[in-house]
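Notes follow the structure.
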Amino acid sequence: MPRTTSPSAAKSRKSGRRGPLATISLLAVGLLFTGGAYAAFSTSTASAETPAAVSAASVEDGKKLFQANCASCHGLALEGTENAPSLIGVGAAAVDFQVGTGRMPMQAHGPQAPDKPVQFTEDQIQSLAQYVASTSPGPAIPDESLLDGEGDVANGAELFRINCAMCHNVAGAGGALTEGKWAPGLSGVEPAHIYEAMVTGPQNMPVFNDTNLTPEDKRDVISALKFMEENPSPGGNQLGSLGPVAEGLFLWIFGLGSIVAITVWITARSN
């Protein structure tokens, strides 16, 4: 027997159906929501991965530069050889100092590597530093806030006299050491290189870690050096800032020489 449907039930089912416009609207909203979420996720992922990709590329460039220019002395794995020390654990600061001042690559073996014109661009130096730092942890390149020269000049001058003046001279003019070595003058040296020298101890220089001198102390020392560099000596001609040796030599040559010349002149006139 066929089932019959009442007119009221058929009307209620018909009224419960979605129209074609409603279905299209729902699909459009779903697509917009899905597309927007995907775009936001992919954008955030890309922005998060970009620095890592750039860093990885820079490290790879640094590795190639190291193999072409440094590995013959320091070894392919930075393990060092009989001609050069190991670079494992020296950190980015040591590379930035040695290569950024032209001391490396070294032209010839000697008591000490002198500073000379830089052989690499700034980007290449950074790539080399990142590569060496990627192999093992070590001192990092200092933050710009520690290099602004706005520290406590008085404290920095006192710290310099106590810890550095015996080699670098109280005025930072440098001085001779033993066995053909020397402490270089500090006038005109980049603040970053001064800081890096303190934390890495290049050549014969001791290491001043954060226990010996805090980062703020190092900033004060840099501030004092830059203050001395920018302000002339109140005593007049500094004679190379070499201390009593230069001043005594000046007096002997010109002072005593003047006395001898006057004596000879008086004697000649009396005759």
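So the sequence shown is numbered by the working numbering: it starts at 1436 and just counts up by one.
Glycine included, every Cβ here is placed at the ideal spot set by N, Cα and C.
In terms of alpha-carbon separation, which member of 1505, 1565, 1544 lies closest to residue 1493?
Position 58 of the sequence shown, counting from 1, holds the residue named residue 1493. When only C-alpha atoms are compared, the closest one is 1565.
Quick one: give me the first and last residue of the alpha helix (DSSP H) that residue 1550 is part of.
Within the sequence shown, the letter at position 115 stands for residue 1550. Residue 1550 -> no alpha helix (DSSP H), and no H or E assigned at all.
Apart from the five residues on each side of it in sequence, which residues of its chain come closer than 6 Å, Cβ to Cβ, to residue 1576?
Here residue 1576 refers to the residue found at position 141 when the sequence shown is read from its first residue. Same-chain partners within the cutoff: 1527, 1528, 1531.
Determine the direct distance from the alpha carbon of residue 1635 to that of residue 1504, and round the result to whole angstroms.
To locate residue 1504, count along the sequence shown from 1; it is residue 69. To locate residue 1635, count along the sequence shown from 1; it is residue 200. About 22 Å.
Taking all protein chains shown into account, decide if residue 1592 is buried (16 or more other Cβ within 10 angstroms of its Cβ) or exposed.
Residue mapping note: residue 1592 aligns to position 157 of the sequence shown, counting from 1. So residue 1592 counts as buried.
Looking at the structure shown, is residue 1611 part of a helix, part of a strand, or coil, going by DSSP?
Residue numbering aside, residue 1611 sits at position 176 when the sequence shown is read from its first letter. In the structure shown, the three-state DSSP call for residue 1611 is strand.
Which ranges does the beta strand (DSSP E) cover as unbroken runs of at least 3 residues, wholly within the segment 1624-1706, from first to last along the chain?
Taken in chain order, the complete beta strand (DSSP E) segments of 3 or more residues contained in the segment 1624-1706 number zero; there are none.
Taking only three categories from DSSP, how would you classify residue 1570?
Within the sequence shown, numbered from 1, the residue matching residue 1570 stands at position 135. If DSSP states are grouped into helix, strand and coil, residue 1570 belongs with the helices.
Within 10 angstroms of the Cβ of residue 1558, are there 16 or more other Cβ atoms? Answer buried if so, exposed if not.
Within the sequence shown, the letter at position 123 stands for residue 1558. By the neighbour-count rule (16 or more Cβ atoms within 10 Å), residue 1558 is not buried but exposed.
Beta-carbon proximity check, residue 1567 vs residue 1522, cutoff 8 Å
Translated into the one-based positions of the sequence shown, residue 1567 becomes position 132. Translated into the one-based positions of the sequence shown, residue 1522 becomes position 87. Taking 8 Å as the Cβ cut-off, residue 1567 and residue 1522 qualify as a contacting pair.
Tell me which residue opens and which closes the alpha helix (DSSP H) that residue 1513 is part of.
By one-based count along the sequence shown, residue 1513 stands at place 78. Counting along the chain, residue 1513 falls outside any alpha helix (DSSP H), and DSSP gives it neither H nor E.
According to DSSP, what are the bridge partners of residue 1618?
Counting from 1 along the sequence shown, the entry for residue 1618 is found at position 183. Answer is 1610.
Under the three-state reduction of DSSP, which class applies to residue 1575: helix, strand or coil?
Here residue 1575 refers to the residue found at position 140 of the sequence shown. In this structure, residue 1575 counts as coil in the three-state DSSP scheme.
Taking all protein chains shown into account, decide if residue 1597 is buried (16 or more other Cβ within 10 angstroms of its Cβ) or exposed.
In the sequence shown, counting from the first residue as 1, residue 1597 sits at position 162. With fewer than 16 Cβ atoms within 10 Å of its Cβ, residue 1597 is classed as exposed.
For residue 1477, collect the residues of the same chain with a Cβ closer than 6 Å to its Cβ; drop the 5 residues on either side in sequence, then sort them by chain order.
Along the sequence shown, one-based indexing puts residue 1477 at 42. Unreliable positioning characterises residue 1477 in this predicted model, as indicated by a pLDDT of 42, which lies under 50. A coordinate reading is not provided.
Give me the Cα-Cα distance between residue 1666 and residue 1578, rounded to the nearest whole angstrom.
Indexing the sequence shown from 1 puts residue 1666 at position 231. Indexing the sequence shown from 1 puts residue 1578 at position 143. Taking the straight line from one Cα to the other gives about 26 Å.
Skipping 5 residues on each side, what residues in its chain have a beta carbon closer than 7 Å to that of residue 1689?
Along the sequence shown, read from residue 1 onward, the residue named residue 1689 stands at position 254. Counting only Cβ-Cβ distances below 7 Å, and skipping sequence neighbours, we find nothing.
By DSSP, does residue 1519 sit in helix, in strand, or in coil?
Along the sequence shown, read from residue 1 onward, the residue named residue 1519 stands at position 84. The DSSP-derived three-state label of residue 1519 is strand.
Leaving aside the five residues before and after residue 1551 along the sequence, list all residues of the same chain whose C-beta is less than 6 Å from its C-beta, in chain order.
Start at 1 with the first residue of the sequence shown, and residue 1551 comes out as number 116. These residues qualify, in order along the chain: 1537.
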